[in-house]
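**Q** This is the structure, below, for whatever I ask next.
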Amino acid sequence: MTASMTAGSGRAGRSGAHGDGAGAPVGLQDLSRSFGAVRALDGLSLDIAPGELVALLGPSGCGKTTALRIVAGFEAADAGSVTVDGKDVSPVAAARRDMGMVFQSYSLFPNMTAADNVGFGLRMRKLRSAERQRRSAELLDMVGLSPQARSYPHQLSGGQQQRVALARALAIEPRVLLLDEPLSALDAKVRLQLREQIRALQQRLGTTTLFVTHDQEEALSMADRVGVMKDGRLEQVAAPDELYDRPATAFVAEFVGIMNRVPGSLLGQDQVRALGTVVPVHGAAPAGPGGDVDVLVRPEGLQVAAQPGGNGIVTSRTFLGSVTRISVRLSGDLTVKVDHPSAAAASMTPGESVQVSLPAAAVLVTGRR
């Protein structure tokens with residue numbers, strides 16, 4: 159691969175097989191993988207469009223890292239296939255898959271400068287020294303590290319090291335970029351800065367990207383689509399706003415963001431009574447008419463008003479800027495969290511009586527715990 163990435167062009171310039179430099183479509187078809195009695199992947203299928211950034215999100219052990227390693231070629235699936243640009247790459251060695259990878263642990267060579275680390279993959283591809291140096295300089299400039307070109311990894315901060323790792327992955331102009339929890343070892347401020355930079359670079363270069371993370375905020379803020387995994391399967395794949403506002407399952411609803419469970423009773427298959435209000439049901443009901451269910455509703459989906467003799471008592475409040483999160487004990491051990499505009503929350507102090515209610519919007523219901 160001898161073409162260069164043109165600084166300021168907004169896209170990697172290429173010659174040869176890769177045409178205009180756009181990312182390639184990636185397909186995961188019915189992937190299965192077991193480790194002894196543990197089934198890490200159970201028929202996982204996912205299509206990623208050219209230039210799209212898809213995040214795999216889920217708890218530890220859900221299979222997201224196994225899926226990434228199979229795409230990279232570091233693991234072999236027991237069944238199923240991985241395609242890039244419509245071609246099955248399952249039998250292709252990792253080094254020949256035209257993919258860049260960024261790890262959580264940076265994995266920089268400690269005896270190489272930042273520039274040499276970035277140029278390592280280019281050296282393996284036999285590019286001449288002058289071209290490697292020029293490309294390394296371009297990539298370091300792209301990630302804002304030109305002044306650190308001659309620094310060694312131990313002389314760089316964690317965030318700087320991860321930017322060098324990102325530049326190294328992009329230097330080979332991969333059609334697919336794989337990110338394995340790349341920000342989890344960094345502090346909150348650096349994580350925020352770097353995720354914005356990674357997203358901006360990915361959009362600029364048009365590189366198809368698969369990103370594994372357990373951080374909900376990271377996935378929702380960076381990805382075009384998010385796939386939530388559980389027990390080796392995808393529970394839902396959707397745009398971040400759809401995933402948050404219209405979760406397909408109770409697991410997705412409670413894994414992404416904060417979710418209240420409020421007891422309710424089904425009225426037919428499309429209505430439920432909860433908190434004294436009848437509201438429509440989103441999706442399939444888990445029981446027949448009259449069945450007891452839990453209504454899942456986010457803190458911003460509940461309404462609260464100060465009211466003597468109301469259905470709840472304020473137990474605590476947390477100021478979050480424009481909203482205040484109010485914890486309300488409704489009955490027994492049932493406590494819900496309600497997000498209320500801070501300007502109107504001054505009177506809702508612990509011990510005060512309030513009325514919590516549901517607006518008319520559709521809600522997701524699930525079996526009673």
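Numbering-wise (my numbering), the sequence shown opens with residue 159 and increments by one.
Beta carbons are placed, not taken as given, at the ideal position from N, Cα and C, and that holds for glycine.
Every value quoted in this text rests on a predicted model; they were computed, and no experiment measured them.
1. For Leu378, I'd like the list of residues in its chain whose CB is within less than 6 Å of its CB, leaving aside the five on either flank, ordered along the chain.
2. Alpha carbon to alpha carbon, how far is Lys347 from Phe477? Give it in angstroms, no decimals.
3. What first and last residue would you give for the beta strand (DSSP E) that runs through Gly317?
4. I need the DSSP call for Arg404, collapsed to helix, strand or coil.
5. If we ignore side chains and look at the alpha-carbon of each, how far apart do Ala230 and Ala518 end up?
6. Classify Met270 as helix, strand or coil using the three-state DSSP reduction.
7. Starting from the C-beta of Ala182, find all residues in its chain whose C-beta is less than 7 Å away, skip the five residues before and the five after it, and write them out in chain order.
8. In whole angstroms, what is the alpha-carbon distance linking Glu382 and Leu214?
9. May I have the straight-line CA-CA distance separating Leu509 from Gln465, to the nearest angstrom?
10. Out of curiosity, what's the CA-to-CA distance linking Phe261 and Ala442?
11. Are Leu226 and Asp389 closer than 8 Å when you measure CB to CB?
12. Within 8 Å, do at least three Cβ pairs link the stretch 282-299 to the stretch 320-330?
13. With DSSP as the reference, identify every bridge partner of Val109, one or two as the case may be.
14. May I ask which residues mark the beginning and end of the alpha helix (DSSP H) holding Met282?
15. Which two residues bound the contiguous alpha helix (DSSP H) that contains Ser287?
16. Does the beta carbon of Asp389 sit closer than 8 Å to a beta carbon anywhere in chain B?
17. I'd like the span of the alpha helix (DSSP H) that includes Met387, first residue to last.
18. For Met257, does the three-state DSSP call read helix, strand or coil?
19. Checking the sheet assignment: what are the DSSP bridge partners for Ile206?
20. Kindly confirm or deny that the stretch 455-463 and the stretch 498-516 touch, where touching means at least three C-beta pairs closer than 8 Å.
**A** Working from what's here:
1. Pro398
2. 21 Å
3. Counting along the chain, Gly317 falls outside any beta strand (DSSP E), though it belongs to the alpha helix (DSSP H) covering 316-329.
4. It is coil, neither helix nor strand.
5. 46 Å
6. coil
7. Pro208, Val242, Asp243, Arg333, Val334, Thr366
8. Note that residue 382 is Asp in the sequence shown, not Glu. C-alpha of Asp382 to C-alpha of Leu214: approximately 11 Å in a straight line.
9. As written in the sequence, residue 509 is Gly, which differs from the Leu given in the question. So the two alpha carbons sit approximately 12 Å from each other.
10. 40 Å
11. no
12. yes
13. One cannot answer for residue 109 here, as it falls past the ends of the chain, which runs 159 to 527.
14. 278-282
15. 287-300
16. Considering every chain present, this structure includes no chain B. It has just one protein chain.
17. Counting along the chain, no alpha helix (DSSP H) covers Met387; the unbroken beta strand (DSSP E) around it starts and ends at 383-388.
18. strand
19. In the DSSP assignment, Ile206 is bridged to Val184.
20. yes
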